[in-house]
Every structure is written in structure tokens, then in C-alpha cells.
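Working notes, structure below.
Number of protein chains: 2
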Amino acid sequence: MTTQALPREPRQDRSRATRRRLLEAAVDCLASEGWAGTTVAVVAERAGVSRGAAQHHFRTREELVTAAVEYGSEVRVAQMRERLDVPSGQRPSTLDVVTMLGEMYTTPLFRAALQLWVAASSDEQLRARVLPLEARVGREAHRLTIEALGADESVPGVRETVQATLDLVRGLGLADLLTDDSARRTRLLRQWATTLDAALSR
Amino acid sequence: MTTQALPREPRQDRSRATRRRLLEAAVDCLASEGWAGTTVAVVAERAGVSRGAAQHHFRTREELVTAAVEYGSEVRVAQMRERLDVPSGQRPSTLDVVTMLGEMYTTPLFRAALQLWVAASSDEQLRARVLPLEARVGREAHRLTIEALGADESVPGVRETVQATLDLVRGLGLADLLTDDSARRTRLLRQWATTLDAALSR
Chain H
1 MTTQALPREP RQDRSRATRR RLLEAAVDCL ASEGWAGTTV AVVAERAGVS RGAAQHHFRT
61 REELVTAAVE YGSEVRVAQM RERLDVPSGQ RPSTLDVVTM LGEMYTTPLF RAALQLWVAA
121 SSDEQLRARV LPLEARVGRE AHRLTIEALG ADESVPGVRE TVQATLDLVR GLGLADLLTD
181 DSARRTRLLR QWATTLDAAL SR
Chain D
1 MTTQALPREP RQDRSRATRR RLLEAAVDCL ASEGWAGTTV AVVAERAGVS RGAAQHHFRT
61 REELVTAAVE YGSEVRVAQM RERLDVPSGQ RPSTLDVVTM LGEMYTTPLF RAALQLWVAA
121 SSDEQLRARV LPLEARVGRE AHRLTIEALG ADESVPGVRE TVQATLDLVR GLGLADLLTD
181 DSARRTRLLR QWATTLDAAL SR
């Protein structure tokens, strides 16, 4: 063991990078192995981090999964902003918007979120953690979709139609869970874009 | 113990009734306790059946859950037929159809199915069992919705719009998992019925 103190910043950076790798591995693990298969040991191995180092960050499975829930919802909000928050002069087409939404709800991140929702439906403590995070993701998805579509919520029915678009892509995410539903989804969203344009009178 | 033989029919009836009680309890248990919480012992207690009697019908948790999957999909198809398969002279309004669909995707039966889909997404054997059953439920839901709406699938876009309606209500089922979403759902489906009428040119 060296007595020379390591420079402070790099160590903090390494710690942050390790934590982030563990959280990314936890999200992937939730998506592919499900709730029961996501343990600190499994996630540590997937992340290429020693079990000791993993337990330095997350002592229990509960701590790890809670942090993964928070991390996953932050990443989902950030991805939505990155893809939908464009200057109004470069507004995407309705088809582009619904295609982007369709993609966002069929990622491993969505599958991981789905595992959490279902686990939270029979676990009060988890539900209390998941609900405020989901509310935030939902509000941001709605706001960004309204802006990307250039939709006017003061027109009666517009708010509900945009909400229906988000519920639709959530349903499409579910339809993609057990089989590759991409061909049907592409046809369906093409038609949805036409319906949406008519409904929003664009 | 009596040596007198019991009449044959009643015993078979009792056995069928017990089996049915166990399957109903298994569906309820999946919906409220989740996949991991659904064991033969828990389901037997919920059904008011002795553990011995339960194990006479279902030796393992696997057998019970598989039978519950099949039973649940039969009941879902039967419920859809009962509610949507009406004589063409008494065709329901578009709002009635989407309201009925919205109700069907927020029942304990839907929640139980959701638990199965999510469990099947990380379990190949279960997936192989769930897929053909889900395909059957999906085909029947589509056929009944087309008929109830009096929609003409030969018109371009109609097939996709009806499919989107079913994906939308599936998404609404998911939105109802952690909170009571009924007020928002009612507004949304009222608007969707208007959009659907315009899209189907009814």
C-alpha cells in the first residue's frame, strides 16, 4: 500500500464512473433479466466491477434498484429533451415525432421501467418511490411532445389527443415486449401521424 | 370413511368447481401480489381450498401459473365477445366501444396478464406458452373491435387505426397500474371516439 496520497479529483472521477457503470448495468439487467434477476452481485459482474466495490456504492439490492430507478428516469427525460427539444424553426414532421416516441418506448430503458412499474404495483414502498419520478417523466414527455408538434393546447381536444399519442406509444412498447413488433409499429405510426395531423388541424 | 360410492357427476362437478376457484384465485393473486407472490399455498388459501386439494389439481407453481395463463386468456376472449359481439342492428356507438375496451384493459385480469408478459420477457419457456395465447386474444380483440365499430378494413388506414385503438387502451391499462387514472382516461377516450369517427369517416 502506498502512503502517497492520490490526487483527489481523479479518485472522485473514478468513483463516479464506477457508480455510473453500475447504474447502467442495473438498467440493462432489469430489462433483460427482470426484477428478481437483478441483484448487486449480478449487476457488479455485468458492470465489470468487483463485488466489494459495488457494495461500497450500494450496500443492498434495494439501494441499487432505487438508484437505478432514479437514474433511469433522468436518462429518459434527457433522451426525450435531446430528441424532441428542437428550435421551433427546425420543427420535425408529425411522422418524425411519433417515430421518435415509438423508438423511445421500445428501448431497454423502457423495458427496465416496465419491470419497475409492475414490481411497484404490488410493493407500496417501491410505488412511493416510483410515482413522483414517473410523474416527472410523464409531464416532460407531454410538454416536449406538445412543443415538437407545435400543438395548441388551448384548442379543445388537443391536450387529450397528445396524451393519447403518449398512451399509444406506451401500449406499443408493451406490444414489443415478447416479439419484434417493429414492422406493424411502423405502419401503425405512419397512419397515426396522418390521423394526428387531421385531429390537430395542422 | 364411508364405503358407499358417491354419485359420479357431483364429484366431477365439485372437482371442476374447485379447479375453477383455484384458477380465479390465481388470476387475482397475480394481479395483486405479482408473479413472485403467486404460489400454490397462497392461492389455495385465497381460494378457501386445502393445500392438499390444491396440490391434487396443481402439483407445482409452474403448473398452476400455466393453467392460470390459459384460463385468463379464455376469460378475456369470452368477456370481449360478451361485451362487443352484438347484432349489427344494435351496434354500439364509437364511444361505447372505446369505453368498453378501456374498461377491459384496466381489470384485475389485465393486471394478471401484464404480470405474465413481464415475467415471460425474461423466461423463454413461459414466453413460448404465453405467445400463442396472446396472439389468439389479440386476433379476437381486433376482429370484435372491427365488427363493433362497423369499420371497413378494405379502406386504407382503417386496419391500422383500429389496431392503434387497441394499443392505446393497452397503454391506458399500463397508466392505470400505479394510480387511479379513470378521470383522465374518460376524457381521453371521449376525445378519441370523436377522432376515430372522423378517421373512419363514419
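These protein sequence lines are chains H and D, in that order. With UniProt numbering, the residue at position 146 of the first sequence is 146, and numbering never jumps. With UniProt numbering, the residue at position 38 of the second sequence is 38, and numbering never jumps. Note that CB positions come from ideal geometry on N, CA and C, so glycine has one too. Owing to the predicted nature of the structure, the values given are computational and were not obtained by experimental measurement.
What does a CB cutoff of less than 6 angstroms around residue i pick up in its chain, not counting 5 residues either side in sequence?
i	result
Pro91 (chain H)	Note on residue identity: the sequence assigns Arg, not Pro, to residue 91 (chain H). Gly150, listed in sequence order.
Leu101 (chain D)	Val169
Thr145 (chain H)	Val162
Asp197 (chain D)	Thr94
Ala199 (chain D)	Thr161
Going along the chain, which residues of its own chain have a beta-carbon closer than 7 angstroms to the beta-carbon of residue i, five neighbours each way excluded?
i	result
Ala120 (chain D)	Leu126, Arg127 and Val130
Glu153 (chain H)	Ile146 and Arg159
Ala67 (chain D)	Leu23 and Phe58
Look at the Cβ atom of residue i, then the Cβ atom of residue j, and state whether they are nearer than 8 angstroms.
i	j	result
Glu70 (chain D)	Leu133 (chain D)	yes
Thr161 (chain D)	Gln191 (chain H)	yes
Val77 (chain D)	Val27 (chain D)	no
Gly173 (chain H)	Ser122 (chain D)	no
Gln115 (chain H)	Gly34 (chain H)	yes
Would you say residue i lies against chain H (beta-carbon separation less than 8 angstroms)?
i	result
Asp96 (chain D)	no
Asp167 (chain D)	yes
Arg33 (chain D)	It is Glu, not Arg, that sits at residue 33 (chain D) in the sequence shown. With 8 angstroms as the cut-off, Glu33 (chain D) counts as an interface residue toward chain H.
residue 212 (chain D)	This structure cannot speak to residue 212 (chain D), because chain D is shown only from 1 to 202.
Trp192 (chain D)	yes
Arg187 (chain D)	yes
Ser121 (chain D)	yes
Gln125 (chain D)	no
Ala36 (chain D)	yes
Just confirm the distance between the C-beta atoms of residue i and residue j, as a whole number of angstroms; I'd bet it's less than 8 angstroms.
i	j	result
Ala148 (chain H)	Val86 (chain H)	7 angstroms
Ala31 (chain H)	Ala112 (chain H)	4 angstroms
Thr165 (chain D)	Val118 (chain D)	Going by Cβ atoms, the distance from Thr165 (chain D) to Val118 (chain D) rounds to 23 angstroms, so no, they are not a contact pair.
Gly171 (chain H)	Asp167 (chain D)	4 angstroms
Quick check: what's the CA-CA separation for residue i versus residue j?
i	j	result
Thr195 (chain D)	Ala54 (chain D)	49 angstroms
Met1 (chain H)	Val40 (chain H)	Its pLDDT being 46, under 50, Met1 (chain H) is placed unreliably in this model, and the value from its coordinates should be taken loosely. Their Cα atoms are separated by approximately 28 angstroms.
Leu23 (chain D)	Asp176 (chain D)	24 angstroms
Glu82 (chain D)	Val75 (chain D)	10 angstroms
Arg46 (chain H)	Pro108 (chain H)	15 angstroms
Arg51 (chain D)	Ala44 (chain D)	6 angstroms
Ser182 (chain H)	Arg20 (chain D)	38 angstroms
Ser73 (chain H)	Tyr105 (chain H)	13 angstroms
Val65 (chain H)	Ser93 (chain D)	46 angstroms
Arg185 (chain H)	Ala135 (chain D)	16 angstroms
Gln79 (chain H)	His56 (chain D)	52 angstroms
Arg187 (chain D)	Glu103 (chain D)	14 angstroms
Ala25 (chain D)	Ser15 (chain H)	48 angstroms
Arg11 (chain D)	Pro156 (chain D)	55 angstroms
Can you find a C-beta in chain D that's less than 8 angstroms from the C-beta of residue i?
i	result
Gly157 (chain H)	yes
Thr2 (chain H)	Only weak support exists for where Thr2 (chain H) lies, its pLDDT of 48 falling under 50; the coordinates are left without a value.
Ala175 (chain H)	yes
Gln163 (chain H)	yes
Thr72 (chain H)	Checking the sequence, you will find Gly at residue 72 (chain H) rather than Thr. Not an interface residue.
Ala141 (chain H)	no
If you measure from the CB of residue i, is any heavy atom of the ligand ATP nearer than 7 angstroms?
i	result
Thr195 (chain H)	Looking for the ligand ATP in the displayed structure turns up nothing, as the structure carries no ligands at all.
Near residue i, which residues of its chain fall below 8 angstroms by C-beta distance, leaving aside the five closest residues on each side in sequence?
i	result
Leu95 (chain H)	Leu189, Arg190 and Ala193
Val42 (chain H)	Cys29 and Glu33
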